[in-house]
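To keep things clear, I will list the structure first and then write my remarks on it.
There are 2 protein chains.
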Amino acid sequence: MTSTPTAGARPDEVRRHNRTALLRRLHVGGPCTRAALATELGLNRSTIKALVDGLAESGVVSERVPRARSGAGRPSLLVLPEPLAAVVLAVDIRVEQVAIALVGLGGQLLGRDSWNLRGRAGEPAEIITRIIESTRLLAEELDVRMVAAGVSVPGVVRRGDGYVHEAPNLKWTDVPLGDRLTGAFGVPVRVGNDAEIAALAEHLRGAAKGSLDAVYVSADIGVGGGVISDGTTLRGTAGYVGELGHMVVNPDGRPCYCGSHGCWETEVGELALCRALDLPEHSPRGVVVAELRGLTATQITTTLGDFTRWLTMGLITIVNVFGPELVVLGDLFTALPPPLVAQVATTIAERSLVSRAIGGTRLVTSTMGTDAKLIGAAELAFESVLDTV
Amino acid sequence: MTSTPTAGARPDEVRRHNRTALLRRLHVGGPCTRAALATELGLNRSTIKALVDGLAESGVVSERVPRARSGAGRPSLLVLPEPLAAVVLAVDIRVEQVAIALVGLGGQLLGRDSWNLRGRAGEPAEIITRIIESTRLLAEELDVRMVAAGVSVPGVVRRGDGYVHEAPNLKWTDVPLGDRLTGAFGVPVRVGNDAEIAALAEHLRGAAKGSLDAVYVSADIGVGGGVISDGTTLRGTAGYVGELGHMVVNPDGRPCYCGSHGCWETEVGELALCRALDLPEHSPRGVVVAELRGLTATQITTTLGDFTRWLTMGLITIVNVFGPELVVLGDLFTALPPPLVAQVATTIAERSLVSRAIGGTRLVTSTMGTDAKLIGAAELAFESVLDTV
Numbered sequence: 137m138t139s140t141p142t143a144g145a146r147p148d149e150v151r152r153h154n155r156t157a158l159l160r161r162l163h164v165g166g167p168c169t170r171a172a173l174a175t176e177l178g179l180n181r182s183t184i185k186a187l188v189d190g191l192a193e194s195g196v197v198s199e200r201v202p203r204a205r206s207g208a209g210r211p212s213l214l215v216l217p218e219p220l221a222a223v224v225l226a227v228d229i230r231v232e233q234v235a236i237a238l239v240g241l242g243g244q245l246l247g248r249d250s251w252n253l254r255g256r257a258g259e260p261a262e263i264i265t266r267i268i269e270s271t272r273l274l275a276e277e278l279d280v281r282m283v284a285a286g287v288s289v290p291g292v293v294r295r296g297d298g299y300v301h302e303a304p305n306l307k308w309t310d311v312p313l314g315d316r317l318t319g320a321f322g323v324p325v326r327v328g329n330d331a332e333i334a335a336l337a338e339h340l341r342g343a344a345k346g347s348l349d350a351v352y353v354s355a356d357i358g359v360g361g362g363v364i365s366d367g368t369t370l371r372g373t374a375g376y377v378g379e380l381g382h383m384v385v386n387p388d389g390r391p392c393y394c395g396s397h398g399c400w401e402t403e404v405g406e407l408a409l410c411r412a413l414d415l416p417e418h419s420p421r422g423v424v425v426a427e428l429r430g431l432t433a434t435q436i437t438t439t440l441g442d443f444t445r446w447l448t449m450g451l452i453t454i455v456n457v458f459g460p461e462l463v464v465l466g467d468l469f470t471a472l473p474p475p476l477v478a479q480v481a482t483t484i485a486e487r488s489l490v491s492r493a494i495g496g497t498r499l500v501t502s503t504m505g506t507d508a509k510l511i512g513a514a515e516l517a518f519e520s521v522l523d524t525v
Numbered sequence: 137m138t139s140t141p142t143a144g145a146r147p148d149e150v151r152r153h154n155r156t157a158l159l160r161r162l163h164v165g166g167p168c169t170r171a172a173l174a175t176e177l178g179l180n181r182s183t184i185k186a187l188v189d190g191l192a193e194s195g196v197v198s199e200r201v202p203r204a205r206s207g208a209g210r211p212s213l214l215v216l217p218e219p220l221a222a223v224v225l226a227v228d229i230r231v232e233q234v235a236i237a238l239v240g241l242g243g244q245l246l247g248r249d250s251w252n253l254r255g256r257a258g259e260p261a262e263i264i265t266r267i268i269e270s271t272r273l274l275a276e277e278l279d280v281r282m283v284a285a286g287v288s289v290p291g292v293v294r295r296g297d298g299y300v301h302e303a304p305n306l307k308w309t310d311v312p313l314g315d316r317l318t319g320a321f322g323v324p325v326r327v328g329n330d331a332e333i334a335a336l337a338e339h340l341r342g343a344a345k346g347s348l349d350a351v352y353v354s355a356d357i358g359v360g361g362g363v364i365s366d367g368t369t370l371r372g373t374a375g376y377v378g379e380l381g382h383m384v385v386n387p388d389g390r391p392c393y394c395g396s397h398g399c400w401e402t403e404v405g406e407l408a409l410c411r412a413l414d415l416p417e418h419s420p421r422g423v424v425v426a427e428l429r430g431l432t433a434t435q436i437t438t439t440l441g442d443f444t445r446w447l448t449m450g451l452i453t454i455v456n457v458f459g460p461e462l463v464v465l466g467d468l469f470t471a472l473p474p475p476l477v478a479q480v481a482t483t484i485a486e487r488s489l490v491s492r493a494i495g496g497t498r499l500v501t502s503t504m505g506t507d508a509k510l511i512g513a514a515e516l517a518f519e520s521v522l523d524t525v
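Chains as they are written, first to last, in this note's numbering: chain A, 137 to 525; chain B, 137 to 525.
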């Protein structure tokens, strides 16, 4: 709507722009021939040649003969990203566990570590210290140096500086996480809301790949949502991402720590699921999943009737508000019985004006499992370095 | 996140880009000195001079001595958009009324016409014919030729071609409105959802001017919302805008035509307000407004208690989902008693996690009245022509 005037692009700016686009293509899409790169990026072959030669010289990409040859003639060489040319740290802080990974260019996971929090989630300083120490050990062990870091936090995060305003389920308030980690690591650190980060992962490498308008629903103790709108992640004022878990779905529902009653998180989060399944709250994830997998068709209807109702209400609102072509259920929701998911999808189709208008919204479960946030955190880090590799 | 590589910008492309930016600045922001244009657009004064001279030569802008002189020395000339250099048609199709206007460059309303539908809203062909005829008469009367048109429709619209999938309160289904009007007028026609269009108007010329993240709530018979996210209007798959009126706020509420129960529209739209005020449904707007204005403080609490509750629930969800810095209440909601609006704002502040994180969300009523959609429709039209004026 508004447009910022720009001075004319200089040749070195154009070259740099094209170099980043090529690198991004290789990083996200994997090995590719020069010819295909030219077609996909809309650049001529001599431009591609110059870029690839430059990148190969710096050791950022390499070229090799493809394993499977098709057709006659000289095989077209494949251009591959070199994992060690840019290594980033990915951190996933969850309520019960912290996971870290070092990830190479192209998305290869080079090594990982994780530890349980065992109810000690209330101490950010301790967690931050352990993240810093574990990262140093892992980097030493792998003999790599990282160039950036991305961190997933289940809370309200200011994107500019990675300040965690509130992460209620971690019991964190006002934690300058971004500054602390930047100070310790001396590399650019980006911190994001966990659902937004998982949405990024699904968009780049998962179920929402190729989809311009999708919503990822994350479900642990907290419930959140990440929105891909017109190909980018949606954010609100000051970079805060929306909290889909605090849509009010049941006005007569349980009180939520946020001050409302019957928030989506309160009605369909892990604690609500434990109550519905008659398990103690905070039961181990494995127990909850096993219980879900063991339900008969009748039990799904009776035991999970209310849960299904509120899950559906929230999804109808999401579909009507954002008009996505795809909703990805992540985390704990990947363990929901398929008949339940199918029933929810049917109800959405019947009751959503917008879903009907856009020819239906697909409802799928994530195939990334609990790694979505770790993968997304790595991508968040790569976003800031691909133009400087 | 993803980036499309572009070839280097050629000088004529840069010039065209700068010309459009300058014209947009004058169109939206009004008269401005060359010096201020240079500063605001980040262009040097010789570039501005060349652009303004070119535009003045084509009669698109003019220059004049400012009325109020400040300081000594030769006064800086003001550059003004020439209204007749580009005239667009704005159409606002509402449930009870259709309004059209011819609007000049700079936003000047050159002339308008409107007619009541008196319950004959079910016949799109008739309405379209009348729009075409009335526009021809108005253009003849004003002796202007329009270069584009923008149309506001209270329904689900495909932005690419202005196809109205469903406008339930007009009882329209599958109306190729964009194609019909393009065929009749022979100029580019853009059709949009009314709430989105009003949000555009508020963003460019109203309460949300300068705000990058704002939500406009439209309330007639139907309730809708337009979202400005990071400075642009938010759209879902295939350009369909979300339907905030179909968030489910009251799961035990009244059935909605969309298939759900207790949609926001059903609980806080004009019909719900009529019921709360003990007026017949479809009472004239003037009667509803007079009744609202006459309520005592006690009556506001008793009579509008449920209405206020559902209005608040919907707004909490909107604030948590989008994290806007500003919510603009439009249309009928501009007539809500100020104490009611204040109470809603207080409850949102208490109960919204995201509002607290971003330092509060302001809740204001629109000052554009019922013209917001007409103004927005003109802006929608200008969006497509400013680069070709």
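Note that beta-carbon positions come from the ideal geometry of N, C-alpha and C, so glycine has one too.
Outcome for A/Leu273 when other beta-carbon atoms lying within 10 angstroms are tallied against a minimum of 16: Counted from its first residue, the first sequence places residue 273 of chain A at position 137. So A/Leu273 counts as exposed.
B/Pro416 to B/Glu332, Cα distance in whole Å? Position 280 of the second sequence holds residue 416 of chain B. Position 196 of the second sequence holds residue 332 of chain B. Roughly 29 Å between the two C-alpha positions.
Note down the Cα distance separating B/Met282 from B/Val463, rounded to an integer number of angstroms. As a position in the second sequence, residue 282 of chain B is number 146, starting the count at 1. As a position in the second sequence, residue 463 of chain B is number 327, starting the count at 1. Taking the straight line from one Cα to the other gives about 33 Å.
C-alpha gap between A/Asp349 and A/Val500, whole angstroms: For the purposes of this step, residue 349 of chain A is taken as the residue at position 213 of the first sequence. For the purposes of this step, residue 500 of chain A is taken as the residue at position 364 of the first sequence. The straight-line gap from Cα to Cα measures roughly 14 Å.
Cα-Cα separation, B/Asp148 to B/Ala157: In the second sequence, residue 148 of chain B corresponds to position 12, counting from 1. In the second sequence, residue 157 of chain B corresponds to position 21, counting from 1. Near 14 Å, if we compare the C-alpha coordinates of B/Ala157 and B/Asp148.
Verify the CB distance criterion: does A/Ser139 have a CB-CB separation below 7 Å to chain B? The residue given as residue 139 of chain A occupies position 3 in the first sequence. Caution is warranted here: a pLDDT of 35 is assigned to A/Ser139, below 50, making its placement in the model unreliable, and no coordinate value can be reported.
With three or more beta-carbon pairs closer than 8 Å as the criterion, would you say the region 384 to 400 of chain A touches the region 469 to 489 of chain B? yes
For B/Val384, write down the residues that DSSP places opposite it in a beta bridge. On the second sequence, residue 384 of chain B is found 248 positions in, with the first residue counted as 1. Answer is B/Cys399, bridged to B/Val384.
For A/Pro474, count neighbouring C-beta atoms within 10 Å of its own C-beta (all shown protein chains included) and say buried if the count is 16 or more, exposed if not. The count along the first sequence starts at 1 and reaches residue 474 of chain A at position 338. So A/Pro474 counts as exposed.
With a threshold of 8 Å, are at least 3 pairs of Cβ atoms found where one atom belongs to the region 311 to 326 of chain A and the other to the region 287 to 303 of chain A? yes
Since A/Ser396 meets chain B, which of its residues come closer than 8 Å, beta carbon to beta carbon? Looking up residue 396 of chain A in the first sequence gives position 260. Within 8 Å Cβ-Cβ: Ile452, Arg487 and Ser488.
For B/Gly422, would you say it is in contact with chain A, using Cβ-to-Cβ distances shorter than 7 Å as the test? Counted from its first residue, the second sequence places residue 422 of chain B at position 286. Not an interface residue.
With 7 Å set as the bound, which would you pick, yes or no: does the beta-carbon of B/Ala529 sit closer than that to a beta-carbon of chain A? The requested residue 529 of chain B is not part of the displayed model; chain B covers only 137 to 525.
Any beta carbon from chain B within less than 7 Å of A/Gly144's own beta carbon? Your numbering for residue 144 of chain A matches position 8 in the first sequence. Note that A/Gly144 has pLDDT 48, beneath the 50 cutoff, so the model's placement of it is unreliable and the number below is only indicative. A/Gly144 counts as touching chain B.
Taking its Cβ as the centre, do 16 or more other Cβ atoms sit within 10 Å of B/Asn106, making it buried, or is it exposed? Only positions 137 to 525 of chain B appear in the structure, and residue 106 of chain B is not among them; the question remains open.
Mark B/Asp356 as exposed unless 16 or more other C-beta atoms lie within 10 angstroms of its C-beta, in which case mark it buried. Position 220 of the second sequence, counting from 1, holds the residue named residue 356 of chain B. B/Asp356 should be labelled buried.
Give the straight-line distance between the Cα atoms of A/Val311 and A/Leu522, rounded to the nearest whole angstrom. The residue given as residue 311 of chain A occupies position 175 in the first sequence. The residue given as residue 522 of chain A occupies position 386 in the first sequence. One C-alpha to the other measures close to 28 Å.
Helix, strand or coil for A/Glu461 per DSSP? Along the first sequence, read from residue 1 onward, the residue named residue 461 of chain A stands at position 325. It is coil, neither helix nor strand.
Can you give the beta carbon distance from A/Gly398 to A/Val384, rounded, assuming they're within the 8 Å contact cut? Your numbering for residue 398 of chain A matches position 262 in the first sequence. Your numbering for residue 384 of chain A matches position 248 in the first sequence. So it is a contact: roughly 6 Å between Cβ atoms.
Please confirm whether A/Val327 and A/Val280 have their CB atoms less than 7 Å apart. Locating residue 327 of chain A in the first sequence gives position 191, where the first residue counts as 1. Locating residue 280 of chain A in the first sequence gives position 144, where the first residue counts as 1. It is not a contact, given that the beta carbons lie outside the stated cut-off.
Can you tell me whether DSSP reads A/Thr368 as helix, strand or coil? For the purposes of this step, residue 368 of chain A is taken as the residue at position 232 of the first sequence. Correct three-state label for A/Thr368: strand.
Please compile the residues from chain B whose C-beta is within a distance smaller than 9 Å of the C-beta of A/Asn456. Sequence index remark: in the first sequence, residue 456 of chain A carries index 320 (1-based). Near A/Asn456 (Cβ distances below 9 Å), the residues of chain B are Gly378, Glu379, Leu380, Gly381, His382, Met383, Val384, Cys394, Ser396 and Cys399.
Assuming contact is defined by CB atoms lying nearer than 7 Å, are B/Leu220 and B/Gly240 in contact in what I supplied? Taking the first residue of the second sequence as position 1, residue 220 of chain B is located at position 84. Taking the first residue of the second sequence as position 1, residue 240 of chain B is located at position 104. Yes, they are a contact pair.
Partner residues on chain A for B/Arg371, Cβ-Cβ distance less than 9 Å: For the purposes of this step, residue 371 of chain B is identified with residue 235 of the second sequence, where counting begins at 1. Chain A residues near B/Arg371: Asp349, Ser365, Asp366 and Gly459.
Run the CB neighbour count on B/Lys509, radius 10 Å, all protein chains shown included, and call it buried at 16 or more, exposed below. In the second sequence, residue 509 of chain B corresponds to position 373, counting from 1. By the neighbour-count rule (16 or more Cβ atoms within 10 Å), B/Lys509 is buried.
Report buried or exposed for B/Ser194, applying the criterion of at least 16 other Cβ atoms within 10 angstroms of its Cβ. The residue labelled residue 194 of chain B in the question sits at position 58 within the second sequence. Exposed.
Residues, ordered as in the chain, of the region 278 to 308 of chain B that lie near chain A by beta-carbon distance below 7 Å: Val292, His301 and Glu302
Rank A/Thr470, A/Asp467, A/Ala517 and A/Thr444 by C-alpha distance to the C-alpha of A/Thr482 and give the top, closest one. On the first sequence, residue 482 of chain A is found 346 positions in, with the first residue counted as 1. Ranking A/Thr470, A/Asp467, A/Ala517 and A/Thr444 by Cα distance to A/Thr482 puts A/Thr444 first.
Using a Cβ cut-off of 7 Å, pull out every chain A residue sitting near B/Gly449, in sequence order please. Position 313 of the second sequence, counted from the first residue, corresponds to residue 449 of chain B. Here residue 449 of chain B turns out to be Met, not Gly, going by the sequence shown. Simply Val384 and Pro387.
Give me the residue from B/Ile264, B/Ala471 and B/Leu476 with the minimum Cα distance to B/Thr503. In the second sequence, the residue the question calls residue 503 of chain B occupies position 367. Measuring from the Cα of B/Thr503, the nearest candidate turns out to be B/Ala471.
Looking at the unbroken beta strand (DSSP E) that takes in A/Thr240, where does it start and where does it end? Counting from 1 along the first sequence, the entry for residue 240 of chain A is found at position 104. Per the sequence shown, the amino acid found at residue 240 of chain A is Gly instead of Thr. Run containing A/Gly240: Gln233 to Gly240, per the beta strand (DSSP E) assignment.
Can you give the Cα-Cα distance for B/Leu340 and B/Thr368, rounded to whole angstroms? The residue labelled residue 340 of chain B in the question sits at position 204 within the second sequence. The residue labelled residue 368 of chain B in the question sits at position 232 within the second sequence. Going from the Cα of B/Leu340 to the Cα of B/Thr368 covers about 10 Å.
Could you pull out every unbroken alpha helix (DSSP H) segment of at least 4 residues lying fully inside the region 441 to 497 of chain A, listed in chain order? 441 to 458, 474 to 487 and 489 to 493
Is the CB of A/Ile511 under 7 Å away from at least one CB in chain B? Taking the first sequence and counting its residues from 1, the one referred to as residue 511 of chain A is at position 375. No - not a single Cβ of chain B is within 7 Å of the one on A/Ile511.
What's the call for B/Thr506, buried or exposed, on a 16-neighbour Cβ count within 10 Å? Translated into the one-based positions of the second sequence, residue 506 of chain B becomes position 370. When all chains shown are included, B/Thr506 counts as buried.
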